[in-house]
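Worksheet for the structure shown next.
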Amino acid sequence: MTPVVLAVDIGATKIAVGLVHADGAIAFQSRERSPVRAEPSLALIERLGRAAEVHARKNGLTIEGTGIACGGPLDLEKGLVLSPPNLPDWDRIPLTTQMETSFGAKAYLQNDAAAGAIATALWDNPDAVRDVTYITVSSGIGCGVITDGFLYTGHTGNGSELGHIPLIYDGRACNCGLKGCFEAYASGTAIGKRYTEAKATCMATPRSYSARDVADAALAGDEEALAFWHSSMGMLARAVRAAADLFDPALLVIGGGVTEADGELFAPAMALVGSSMAASVGQRLTVRKTGFGRNSGVASAASVAWNEIGSATGFKVRIRE
């Protein structure tokens, strides 16, 4: 029997469940649109998890643990989801307990962006650097930080919330309850929503746009969409630069649905404004997209479990107690 972990990636737009080997290779994956609300989402996870178990039995795989990645805030000690802004009715959901009851194996919960940083450090880190920052840009904007091999969590386990640093004072309302956050402007959800609002003023029959719609229109040569997209990527570049200044990583990786845009379209977000900042202090900084592509969510969730069990790389991200 070959060991794998069950990976559960919980997002506001999709839920993905997979089986992942100790080297990060994905043996099985299924995903569906998220129902958003807790009860139907948990039922969906149960159904996708059962399908993964069937695949494991048929292919000689044994499930050693369950890794869960979910947006915060979380109570990592108790394994609770505490009403994330994009999952508003997930109020004190005992997720690790429910996963252990459903699937039997020990379950490990982590913030999705922190999980992305762990997966990067374990499996997408050819230079074996110990200072990694991971930014996820999808329904929201999250950030996971590893410094000298330690995961930065803050005293509640919910540190490095890059998406909720103010970009514009007293600006757009954010789901977190504040105004002007990066997430309210440069997340995938925000890009679609802002473009929808901009187009509504000049359309007889307004329609709703997603970030993918904007990117596709920009790629097709729509000058208005291209200008809007570049403006949004400029805002995202500020978030990237802020993370570089705050955490001084050797490797800064960006993942999430927005990164699936054509490379040319995403380039402005990858170009650190004033990147000479790094060179001026003798620091070599690599900024790139995740090597996991569309599989980043499942890989991230799996890394949370393998980091505790012992991955094939032998490297372990330490988490302060």
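Using full-length UniProt numbering, the letters of the sequence shown correspond one by one to residues 1 to 321.
We put the beta carbon where it would ideally sit given N, CA and C, even for glycine.
- Secondary structure of Leu87 (DSSP, three-state): coil.
- For Pro126, there is no enclosing alpha helix (DSSP H), as DSSP gives it neither H nor E.
- Excluding residues up to 5 positions away in sequence, Arg130, Asp131 lie with their Cβ nearer than 7 Å to the Cβ of Asp148 in the same chain.
- A residue is called buried when at least 16 other Cβ atoms come within 10 angstroms of its Cβ; Cys202 does not meet this threshold and is exposed.
- For Ser30, the beta-bridge partners assigned by DSSP are Val17.
- DSSP, reduced to helix, strand and coil, places Asp112 within a helical segment of the structure shown.
- In the DSSP annotation of this structure, Pro73 is not part of any alpha helix (DSSP H), being labelled neither H nor E.
- Between the segment 168-184 and the segment 203-221 there are fewer than three inter-stretch CB-CB distances shorter than 8 Å, so the stretches are not counted as touching.
- The beta carbons of Ala16 and Asp23 sit no closer together than 8 Å.
- When the Cα atoms are used, Leu162 and Lys58 turn out to be separated by approximately 42 Å.
- If you look at Ile309, you'll find it in the alpha helix (DSSP H) that goes 296-309.
- It is roughly 20 Å from the alpha-carbon of Gly291 to the alpha-carbon of Gly140.
- The beta-carbon separation of Ile254 and Ala269, rounded to 7 Å, stays under the 8 Å limit for a contact.
- When DSSP states are grouped into helix, strand and coil, Leu285 belongs to the coil group.
- Counting only residues of its own chain and dropping the five nearest sequence neighbours on each side, His164 has a CB closer than 6 Å to the CB of Cys176, Cys181.
- In the DSSP assignment, Pro249 falls outside any beta strand (DSSP E), carrying neither H nor E.
- By the Cβ test, the segment 64-84 is in contact with the segment 302-312, since at least three Cβ pairs between them sit closer than 8 Å.
- Taking 8 Å as the cut-off, the beta carbon of Ala107 is found closer than this to the beta carbon of Thr96.
- In this structure, the CA atom of Gly144 is about 25 Å from the CA atom of Glu32.
- About 4 Å separates the CB atoms of Ala225 and Ala218; that is less than 8 Å, so the two are in contact.
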